[in-house]
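Beneath this line is the structure, given in structure tokens, with notes to follow.
Protein chains: 2
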Amino acid sequence: MEFQEIIKQRYATKLFDGRPVPDAKVAELLELVRWAPSGLNIQPWKIKMVADAATKALLSVATFAEPQIETCSHLLVFCTDTDFAGLSEKLSRAMKARGIPDKIWDIVMGIAGEMAGMPPEDLRAWTSCQVYIAATYAILGAKALGLDSCPMTHFIPEEYSRILALPANLVPTLLCAIGYPADQPKPKWRYPVEDLLIA
Amino acid sequence: MEFQEIIKQRYATKLFDGRPVPDAKVAELLELVRWAPSGLNIQPWKIKMVADAATKALLSVATFAEPQIETCSHLLVFCTDTDFAGLSEKLSRAMKARGIPDKIWDIVMGIAGEMAGMPPEDLRAWTSCQVYIAATYAILGAKALGLDSCPMTHFIPEEYSRILALPANLVPTLLCAIGYPADQPKPKWRYPVEDLLIA
């Protein structure tokens, strides 16, 4: 599907029909998401996939009973890996293993070192923002693969962490419900392009 | 262009050839970016477009002399609007003007009201994250339109604010340089899909 068409057709699906998305299709989606870019190529994201009804029922309570949670096929819980030191070490090793030139390694790890000194809340915010790039790949990728999706941030992260038994460094940041729609898209609206620009 | 192809071909362009992107093409790109989704549809982004050489030269200094800044055609400075109260009021008025049903208005403005009570640093982080969705639309949209791009966060926001005389509520968050490439894409790498998932 053309990108312009994907953008037009994508909408935040409020109700899914409960049909399961085949595993092969889910794998295709993850393969698209995997290629999302991130600052330093640090890839500070992890996804918890939830497809079973019992877990969805628990998560629904932590999502103010929004109907997407229990009617979607798969709920992708995008988490931010807040262990910046661990991510940096992994990146360093991966670049070495791939034979990235020392000059590039020095620049990237130099910036990573600077960033490690940022105020923790700023570093955490930056890291979470990268996760949104991957989630944007997911919502656009879903449409490209003939699926619908709903990104959501109105949920209780602490409850998600508890229910999904997530390690402390992985913080639920954004949900992406995917599946087949049981609603109709409402007319989309945005502010005009003039509002987008700073004169 | 197919979405899968866009993802494959997109790369962080390190050097552009300086040719200007025609205004009509830039307008097409903004029209794609405009349709980015955001939580509550609050659209907390503004873009400062920089195409003149003198301003780029000043910004280059605040971007550690990365060659993208002076060689790109247009530098899109994506800013976060940190005036959440102002954004909420604008959203409220826009929904009323569009005849959005009261039931939906109540839900959306109820959540906006809750969010206004979040710790300011958390609200600011959430808002910045939405801006990344629009920036992701920009980098993918650029490729869809036959352009190349480079997203960048390694710059001095305070210097950008000063040079561009930005209002205090608009905080430079991420740059997207667009233009025609003068480099060759390096092989892209990412962690395997197993690393993406939480078991």
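Listed in order, the protein sequences are those of chains A and B.
Mapping of the first sequence onto the working numbering: position 24 corresponds to residue 25, and the numbering continues sequentially without gaps.
Mapping of the second sequence onto the working numbering: position 46 corresponds to residue 47, and the numbering continues sequentially without gaps.
Idealized CB from N, CA, C, for every residue including glycine.
No experiment lies behind these values; they were computed from the predicted model shown.
- Below the 8 Å Cβ cutoff, chain A contributes no neighbours of Val-109 of chain B, its closest Cβ being approximately 10 Å away.
- Within 10 angstroms of the beta-carbon of Pro-120 of chain A lie fewer than 16 other beta-carbons, which makes it exposed.
- Minimum Cα-Cα distance from Ala-136 of chain A among the listed residues A:Glu-3, A:Gln-5, A:Leu-30, A:Pro-23 corresponds to A:Leu-30.
- Taking the CA atoms as reference points, Thr-154 of chain B sits about 15 Å from Pro-45 of chain A.
- Contact check for Val-34 of chain A and Ala-139 of chain A: beta-carbon distance about 5 Å, within the 8 Å limit, so the pair qualifies.
- For a Cβ distance threshold of 7 Å, residue set Met-2, Phe-4, Ile-7, Leu-141, Gly-142, Ala-145 of chain A lies close to Phe-4 of chain B, ordered along the chain.
- In the DSSP assignment, Ser-150 of chain B forms a beta bridge with B:Ala-13, B:Ile-179.
- Residues of chain A whose Cβ lies closer than 9 Å to the Cβ of Cys-80 of chain B are, in chain order, Ile-199.
- Approximately 6 Å separates the beta-carbon atoms of Leu-76 of chain B and Leu-176 of chain B; this is inside 8 Å, confirming the contact.
- Residue-level contact check: Pro-158 of chain B does not touch chain A, since none of the beta carbons of chain A fall below 8 Å from its beta carbon.
- Out of B:Lys-144, B:Leu-198, B:Ser-162, B:Glu-159, the CA that lies nearest to the CA of Tyr-12 of chain B is found in B:Lys-144.
- Note that the C-beta distance between Ala-126 of chain A and Ser-89 of chain A is not below 8 Å.
- Check the Cα spacing between Trp-36 of chain B and each of B:Val-109, B:Val-78, B:Gly-142: the tightest is with B:Gly-142.
- Residues of the region 110 to 131 of chain A with a Cβ closer than 8 Å to any Cβ of chain B, in chain order: Ile-112, Glu-122, Arg-125, Ala-126, Trp-127, Ser-129, Cys-130, Gln-131.
- If you compare the alpha carbons of A:Leu-60, A:Gln-69, A:Val-27 with that of Thr-14 of chain A, the shortest gap goes to A:Gln-69.
- Counting only the Cα atoms, Asp-103 of chain B lies some 37 Å from Val-27 of chain A.
- Counting along the chain, Leu-76 of chain A sits inside the beta strand (DSSP E) bounded by residues 75 to 82.
- Between Ala-169 of chain B and Thr-72 of chain B, the gap from beta carbon to beta carbon reaches 8 Å or more.
- Each of A:Ile-7, A:Gly-40, A:Phe-65 was checked against the Cα of Met-116 of chain A, and the nearest Cα belongs to A:Gly-40.
- In the DSSP assignment, Val-51 of chain B falls outside any alpha helix (DSSP H) and lies within the beta strand (DSSP E) extending over 46 to 51.
- Interface with chain A (8 Å Cβ-Cβ cutoff): His-75 of chain B is excluded.
- Residue state for Pro-173 of chain A is assigned as strand, using DSSP reduced to three classes.
- At a cut-off of 8 Å between beta carbons, Gln-10 of chain B makes no contact with chain A.
- Burial check for Pro-193 of chain A: the Cβ neighbour count within 10 Å stays below 16, so the residue is exposed.
- Chain B places no beta carbon closer than 8 Å to that of Tyr-161 of chain A, leaving this residue out of the contacts.
- Cβ neighbours of Asp-18 of chain A within its own chain (closer than 6 Å, five residues either side excluded): Tyr-181, Ala-183.
- Here Cys-151 of chain B is not near Tyr-133 of chain A, since their CB atoms are 8 Å or more apart.
- Taking a 10 Å sphere around the C-beta of Leu-171 of chain A, we find 16 or more other C-beta atoms and assign the residue as buried.
- At a cut-off of 8 Å between beta-carbon atoms, Trp-36 of chain A makes contact with chain B.
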